[in-house]
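In the working numbering, the protein residues as written are 344 to 471. Backbone N, C-alpha and C define an ideal beta-carbon position, used for all residues, glycine too. Model, not experiment: these values are computed from the prediction. Structure, as C-alpha cells:
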Amino acid sequence: LGLLIKDLSKTRWSDRYNSIRAVLISYKEIVETLDDLSVNDKEAKSRFIAGNLLKKLKSFTFYTVLLFLKNLFSSINSLIIHLQKPQMDILTTIDILNDTTKLLDQLSADNVNMDSILKVNIKDYSFC
C-alpha cells in the first residue's frame with residue numbers, strides 16, 4: 344500500500360495524518376498479526392507485548408479516538424501542508440487558515456459528527 348507508520352517524535356504533522364490513515368487502512372491486518380504473535384511467537388516476552396498491544400488496539404476507546412483523530416487531521420491537513428512550504432503566499436495562507444478554523448469550529452460544535460464517528464465505530468467494532 345505504500346503507507347508507513349512513523350516515529351511521531353521526528354515527523355511533520357502531515358506525516359502524523361498519514362500514519363493515522365495507515366493504521367486505519369491496515370487495522371485488521373495489524374490486529375491479525377498481533378493476535379498471531381500473541382499466540383505463536385517463540386519468545387514469551389514477545390507474546391506478552393503483542394497481547395498487550397492487541398488488547399489496547401481492540402479497545403472501543405482506542406478505535407474511537409483513532410477515527411476522531413483521522414477526521415480532525417483530515418480537516419487540518421491542507422493547512423499543515425501549506426504552512427510547511429518554504430515559500431508561502433500570505434493571502435492564500437489566511438484563506439486556508441480561515442477555512443480550517445471554520446471546519447474546526449464545526450467539528451467542535453457538531454454532535455452529529457461525533458455521533459457518526461460512534462456509529463461507524465460500533466459498526467466496525469464488531470470485527471474486533
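Backbone secondary structure at residue i - three-state DSSP
{"i": "Lys413", "result": "helix"}
{"i": "Asp432", "result": "coil"}
{"i": "Gln427", "result": "coil"}
{"i": "Lys462", "result": "helix"}
{"i": "Arg359", "result": "helix"}
{"i": "Lys445", "result": "helix"}
{"i": "Glu386", "result": "coil"}
Own chain residues within Cβ distance below 6 Å of residue i, not counting five before or after
{"i": "Leu446", "result": "Ser418"}
{"i": "Leu399", "result": "Leu is not the amino acid found at residue 399; the sequence shown has Lys there. Closer than 6 Å at Cβ, skipping near neighbours: Phe405."}
Range covered by the alpha helix (DSSP H) that runs through residue i
{"i": "Ser402", "result": "Per DSSP, Ser402 belongs to no alpha helix (DSSP H) and is neither H nor E."}
{"i": "Ser369", "result": "Neither: Ser369 is in no alpha helix (DSSP H) and is coded neither H nor E."}
Cutoff 8 Å; reference residue i; Cβ partners in own chain excluding five residues on either side
{"i": "Leu450", "result": "Asn414, Leu415, Ser418, Asn456"}
{"i": "Val463", "result": "Leu410"}
Beta-carbon proximity list for residue i, same chain, < 7 Å, skipping 5 on both sides
{"i": "Ala393", "result": "Leu377, Leu380, Ser381, Asp384"}
> Is the number of C-beta pairs between the segment 406 to 424 and the segment 381 to 391 that are closer than 8 Å three or more?
Replying inline: no
> Is the segment 396 to 406 touching the segment 363 to 379 in the sense that three or more CB pairs, one from each, lie closer than 8 Å?
Replying inline: yes
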